[in-house]
Amino acid sequence: MELQEITQQIEKESLVIRQVAAAIEKVIVGQRRLIERMLIGLLCDGHLLIEGLPGLAKTTAVRTLAKAIRTTFQRIQFTPDLLPADILGTQFYRPDTCTFEIRKGPIFHNIILADEINRAPAKVQSALLEAMQERQITIGETTFPLAYPFLVLATQNPIEQEGTYPLPEAQIDRFMLKIRVDYPSAEEEKEIMIRAYAGGDREMPGAADVERIRSARETMKLIHMEDRIMDYIVRLVAATRRPEAFGLDIGPMISYGASPRASIWLGMAARAHAFLSGRGYVTPQDVKSMAADVLRHRIILSYEAEAEGKQTDDLIKMALERIEVP
Amino acid sequence: MRGATGRRFRRLMLMGLLLWGLGPAAAGFGRQEGGLLEARFVPEEAPVGGMVELILCYRLPRGAKLPAKPRIQGIQNLSVEGIREGSGEIRIRILVDRLGQFKTGPLSLAYVSAGGKTEWLRAEPASLAVLSNLGERPGEAELKPICTIIPTRSRLFKTIPWILSGLAVCAAGLGLFFWMKRGRHRPGASQARVLPHVVAEKEIQELLSERIFEKGHVKEFYFRLSEILRRYLEALRGFPAAEYTTQEIGLAIRAPEDRQLLGLLQEADLVKFADLCPAPAKKNDQAAQALQYIRKTGPAFEREHGPQGSQQGRTP
Numbered sequence: 001m002e003l004q005e006i007t008q009q010i011e012k013e014s015l016v017i018r019q020v021a022a023a024i025e026k027v028i029v030g031q032r033r034l035i036e037r038m039l040i041g042l043l044c045d046g047h048l049l050i051e052g053l054p055g056l057a058k059t060t061a062v063r064t065l066a067k068a069i070r071t072t073f074q075r076i077q078f079t080p081d082l083l084p085a086d087i088l089g090t091q092f093y094r095p096d097t098c099t100f101e102i103r104k105g106p107i108f109h110n111i112i113l114a115d116e117i118n119r120a121p122a123k124v125q126s127a128l129l130e131a132m133q134e135r136q137i138t139i140g141e142t143t144f145p146l147a148y149p150f151l152v153l154a155t156q157n158p159i160e161q162e163g164t165y166p167l168p169e170a171q172i173d174r175f176m177l178k179i180r181v182d183y184p185s186a187e188e189e190k191e192i193m194i195r196a197y198a199g200g201d202r203e204m205p206g207a208a209d210v211e212r213i214r215s216a217r218e219t220m221k222l223i224h225m226e227d228r229i230m231d232y233i234v235r236l237v238a239a240t241r242r243p244e245a246f247g248l249d250i251g252p253m254i255s256y257g258a259s260p261r262a263s264i265w266l267g268m269a270a271r272a273h274a275f276l277s278g279r280g281y282v283t284p285q286d287v288k289s290m291a292a293d294v295l296r297h298r299i300i301l302s303y304e305a306e307a308e309g310k311q312t313d314d315l316i317k318m319a320l321e322r323i324e325v326p
Numbered sequence: 001m002r003g004a005t006g007r008r009f010r011r012l013m014l015m016g017l018l019l020w021g022l023g024p025a026a027a028g029f030g031r032q033e034g035g036l037l038e039a040r041f042v043p044e045e046a047p048v049g050g051m052v053e054l055i056l057c058y059r060l061p062r063g064a065k066l067p068a069k070p071r072i073q074g075i076q077n078l079s080v081e082g083i084r085e086g087s088g089e090i091r092i093r094i095l096v097d098r099l100g101q102f103k104t105g106p107l108s109l110a111y112v113s114a115g116g117k118t119e120w121l122r123a124e125p126a127s128l129a130v131l132s133n134l135g136e137r138p139g140e141a142e143l144k145p146i147c148t149i150i151p152t153r154s155r156l157f158k159t160i161p162w163i164l165s166g167l168a169v170c171a172a173g174l175g176l177f178f179w180m181k182r183g184r185h186r187p188g189a190s191q192a193r194v195l196p197h198v199v200a201e202k203e204i205q206e207l208l209s210e211r212i213f214e215k216g217h218v219k220e221f222y223f224r225l226s227e228i229l230r231r232y233l234e235a236l237r238g239f240p241a242a243e244y245t246t247q248e249i250g251l252a253i254r255a256p257e258d259r260q261l262l263g264l265l266q267e268a269d270l271v272k273f274a275d276l277c278p279a280p281a282k283k284n285d286q287a288a289q290a291l292q293y294i295r296k297t298g299p300a301f302e303r304e305h306g307p308q309g310s311q312q313g314r315t316p
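Those sequence lines, one after another, are chains A and B.
Read left to right, the first sequence gives residues 1 to 326 (the numbering used here).
Read left to right, the second sequence gives residues 1 to 316 (the numbering used here).
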């Protein structure tokens with residue numbers, strides 16, 4: 001297919017996704033970045049880790065996304081006493097029929113909000129993350145595929161680390177993006193107040209359905225990514241592992257760099273970014289726009305970096321400023 | 001005769017009486033009239049941060065007693081945590097709060113003599129061997145940096161830039177001296193450094209002469225053209241254009257004439273990333289635009305920065 005045809009198709013398909021974004025924006029004031037990243041996750045079939053303080057409309061945004069694409073939504077509050085069966089489901093005995101019956105857990109929904117994922121112990125986190133990876137669950141001897149689309153949006157509170165179980169590095173790598181949610185601007189906050197005083201939930205008709213999402217995902221695969229863009233992605237990811245090879249003075253601040261999964265997701269995210277812009281090709285700007293969200297949770301900082309108060313975002317910024325774009 | 005002998009006898013008697021009266025007082029001043037004070041640390045060595053006891057063993061002269069609250073001198077410079085009295089001894093709990101010498105001053109303990117006067121028992125200063133918490137070879141121990149508490153960089157790092165700056169200034173001075181000396185003998189030496197617009201123009205001419213566009217390597221042509229222009233822009237305006245995307249360059253440029261270049265870079269992006277294949281005439285037009293931009297901005301840049309060119313950015 002010619003690039004011009006692809007671009008036309010993408011323009012048509014991305015219009016639907018833009019309508020979804022517009023529908024969410026009718027309910028959520030501000031947080032445009034969060035909405036865009038949620039749609040990127042949906043398009044790429046990648047799960048998201050959302051980090052932000054309480055009260056920043058994270059739950060509402062996820063709930064609204066589910067409504068906008070006419071899928072089911074389930075919120076799971078992670079607590080220290082949660083068990084894997086509380087998420088996945090369980091097999092129970094029915095004395096009247098003398099049989100075992102399976103009760104499916106809340107994970108059998110399309111959009112899952114794993115609220116405060118770091119409040120549950122490792123066995124629960126691991127059960128969820130395995131389901132996220134495999135997209136199927138085995139209860140007893142029966143294996144059940146999970147719903148389509150299946151998207152997990154996990155939230156984490158950056159403060160109050162007491163009594164939490166931080167996600168292990170291997171598990172955190174399974175999330176496609178880690179999004180930082182910030183406070184709204186003054187105007188946005190005023191609008192939030194006005195809406196809150198007006199009261200009532202804003203009813204919102206669905207803007208797309210599962211089939212449109214499936215079609216958009218298929219179209220997104222057609223987006224052209226130049227070889228040199230892939231080289232650029234590889235250089236960026238490699239710079240987090242061997243910074244000195246790229247003239248970066250941040251080697252002692254990094255314990256472990258990003259994994260090859262980061263390169264895969266960065267390419268996918270850049271494609272989705274291009275898709276949302278209605279373009280049939282990826283530019284270095286798409287890569288730069290997505291780099292922080294893809295790499296942020298995949299770089300493990302050293303003791304020195306933490307002592308100097310450096311964050312992964314600072315190191316990613318330095319890498320982006322040093323590596324030449326194609 | 002008898003009168004002189006009698007006077008001598010009376011004088012001797014008087015002196016004898018004086019000596020008998022002053023004797024005990026003089027002896028009491030030197031020997032503390034049977035009193036004794038000894039001081040020692042228990043244990044005799046302790047690490048920094050540990051607690052030790054300074055034990056003052058005393059024996060008071062007959063009929064003397066200690067005041068209700070013991071008065072001790074010589075421990076004012078130490079961190080005293082508590083004082084406990086026992087029979088014939090006073091135990092003072094002290095925190096070992098320093099490395100190196102840990103020593104009391106000359107020690108004195110006050111008491112009330114039988115006559116009701118305040119007197120002092122004295123003892124030599126006591127000392128303690130302070131051990132390091134950093135192991136057997138404290139010189140080899142390393143402190144872990146903690147933000148705002150223990151410097152995260154060594155002091156050497158702080159002084160290195162100054163030393164290097166000093167050396168650089170000396171080197172620059174020497175370099176200038178020799179350059180001026182050579183310049184006097186070699187007219188036209190100031191033209192040695194090639195200006196960025198000269199380099200950029202030369203590179204574009206070379207690119208055109210290689211005819212890679214005509215050979216079918218369209219993308220390669222635009223990748224190279226874009227790189228030359230980005231490096232020129234970097235040398236010209238001082239921001240890292242080679243690491244910037246076209247969108248970022250658009251946000252960074254200020255001069256109106258740079259807008260022309262931005263359009264050119266956007267068109268190049270379409271070829272580089274969107275597989276657009278421009279006609280040869282379009283390519284020639286774009287190359288001419290690039291050369292025109294360089295010729296327009298180069299001399300102005302030279303006038304502004306002098307023939308040495310900008311020190312910012314990299315030479316294309």
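Cβ atoms here follow ideal geometry from the backbone N, Cα and C, with glycine treated the same way.
Please read all numbers here as calculations on a predicted model, not as lab measurements.
With respect to chain A, the C-beta atom of Thr245 (chain B) has a partner C-beta closer than 8 Å.
The distance from the Cβ of Ser113 (chain B) to that of Arg122 (chain B) is about 15 Å, inconsistent with a contact at the 8 Å cut-off. Below 8 Å, enough C-beta pairs join the region 84-97 of chain B and the region 44-53 of chain B to call them touching: three or more. The three-state reading of DSSP puts Cys44 (chain A) in helix, counting H, G and I together. Pro284 (chain A) belongs to the set of residues whose beta carbon lies under 8 Å from a beta carbon in chain B. The beta carbon of Leu82 (chain A) sits closer than 7 Å to those of Ala120 and Val124, all from its chain and outside the five residues before and after it, given in chain order. Not one beta carbon of chain B lies nearer than 8 Å to the beta carbon of Val124 (chain A).
Secondary-structure assignment with DSSP links Phe41 (chain B) through a beta bridge to B:Leu54.
Phe144 (chain A) is bridged by DSSP to A:Ile137.
Taking 8 Å as the cut-off, the beta carbon of Thr7 (chain A) is found closer than this to the beta carbon of Arg279 (chain A). Here Leu146 (chain A) is not near Ile172 (chain A), since their CB atoms are 8 Å or more apart.
For a cut-off of 8 Å, the C-beta gap from Pro67 (chain B) to Ala110 (chain B) is around 6 Å, short enough to register as a contact. Ala241 (chain B) and Ala57 (chain A) have their C-alpha atoms roughly 38 Å apart. When Cβ-Cβ separations below 8 Å define contact, Asp269 (chain B) makes contact with chain A. Residues of the same chain with a CB within less than 8 Å of the CB of Gly100 (chain B), apart from the 5 flanking positions on each side, are Val130 in chain order. The three-state reading of DSSP puts Lys178 (chain A) in strand, counting E and B together. In the DSSP annotation of this structure, Phe213 (chain B) is not part of any alpha helix (DSSP H), being labelled neither H nor E. Along the region 268-287 of chain B, the positions whose C-beta sits under 7 Å from a C-beta of chain A are Asp269, Lys272, Phe273, Ala274 and Asp275, read in chain order.
Take Val218 (chain B), set aside five residues on each side of it, and the residues of its chain with a beta-carbon closer than 6 Å to its own are Cys277, in chain order.
Within the region 229-242 of chain B, those residues whose Cβ lies closer than 8 Å to any Cβ of chain A are, in chain order, Pro240 and Ala242. Among the residues of chain B, those whose CB is under 9 Å from the CB of Leu3 (chain A) are Ala274, Asp275 and Leu276, following chain order. Assignment of Tyr183 (chain A) by DSSP, reduced to helix, strand and coil, places it in the coil class. Where Lys26 (chain A) is concerned, the enclosing alpha helix (DSSP H) starts and stops at Leu3 to Val27. Taking C-beta atoms as the reference points, His109 (chain A) and Phe73 (chain A) count as a pair closer than 8 Å. At least one CB of chain A lies nearer than 8 Å to the CB of Phe223 (chain B). Using a CB distance below 9 Å, no part of the region 71-90 of chain A faces chain B.
Proximity to Gly267 (chain A) across A:Glu226, A:Gly257 and A:Ala307 peaks at A:Glu226, based on C-alpha coordinates. At a cut-off of 8 Å between C-beta atoms, Gly280 (chain A) counts as an interface residue with respect to chain B. When secondary structure is reduced to three states using DSSP, Ser165 (chain B) falls in the helix class.
Within the region 233-315 of chain B, the complete alpha helix (DSSP H) runs of at least 4 residues fall at 246-252, 258-274 and 280-305. Between the alpha carbons of Leu261 (chain B) and Glu227 (chain B) lies a gap of roughly 12 Å. Contact between Gly88 (chain B) and Arg59 (chain B) holds, with the beta-carbon distance rounding to 7 Å and staying under 8 Å. By the C-beta density criterion, Ser289 (chain A) is buried, having at least 16 other C-beta atoms within 10 angstroms. Taking a C-beta distance under 8 Å as the contact criterion, Ile250 (chain A) and Met318 (chain A) qualify as a contact pair.
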